[in-house]
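Colleague: Here it is, the structure in full.
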Amino acid sequence: MLSRSMSKGFTTVELMVTIILVGILSTMFIVAFKSSIFNLLNLQTDATASLTLNSQVNRISTVLRGATDITSADNNELVLYSYF
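Quick note, the sequence shown lines up with residues 30 to 113 if you use my numbering.
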């Protein structure tokens, strides 16, 4: 029988213990930082919505700056002639 000093590699038990420990640590990490990850995803969603709104406001302000004549103005409607 070979002694431990002459054998190379890992035993199946050592590999299984390592895989189990990595699984347990991964699970603990996911549980601990789950709320932080969800908060980050919500912030990214809010930032995307804010960026979209900002681009729409910029487009509207560009049109309004180029307005030459207001044809009609009602409560929810504005008709005007504009150049870009």
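Think of the CB as a built atom: it goes at the ideal place given N, C-alpha and C, for glycine as much as any other residue.
Suppose you measure from the CA of residue 107 to the CA of residue 99; what does that come to, to the nearest Å?
Modeller: Taking the sequence shown and counting its residues from 1, one reaches residue 107 at position 78. Taking the sequence shown and counting its residues from 1, one reaches residue 99 at position 70. Rounded to the nearest angstrom, the two C-alpha atoms are 8 Å apart.
Colleague: Would you report the Cα separation of residue 97 and residue 111, rounded to the nearest angstrom?
Modeller: As a working note, residue 97 is residue 68 in the sequence shown. As a working note, residue 111 is residue 82 in the sequence shown. If I take the Cα positions, the gap works out to 6 Å.
Colleague: Using the C-alpha atoms, what's the distance from residue 80 back to residue 42?
Modeller: Along the sequence shown, read from residue 1 onward, the residue named residue 42 stands at position 13. Along the sequence shown, read from residue 1 onward, the residue named residue 80 stands at position 51. Spanning the two alpha carbons is a distance of roughly 53 Å.
Colleague: Specify the secondary structure class of residue 75 as computed by DSSP and reduced to three states.
Modeller: Locating residue 75 in the sequence shown gives position 46, counting from the first residue. Reduced to three states, the DSSP call for residue 75 is helix.
Colleague: Report the residue ranges of all alpha helix (DSSP H) runs contained in full by the region 35-106; include only those spanning at least 4 residues, in chain order.
Modeller: The region 35-106 contains these whole alpha helix (DSSP H) runs: 41-94.
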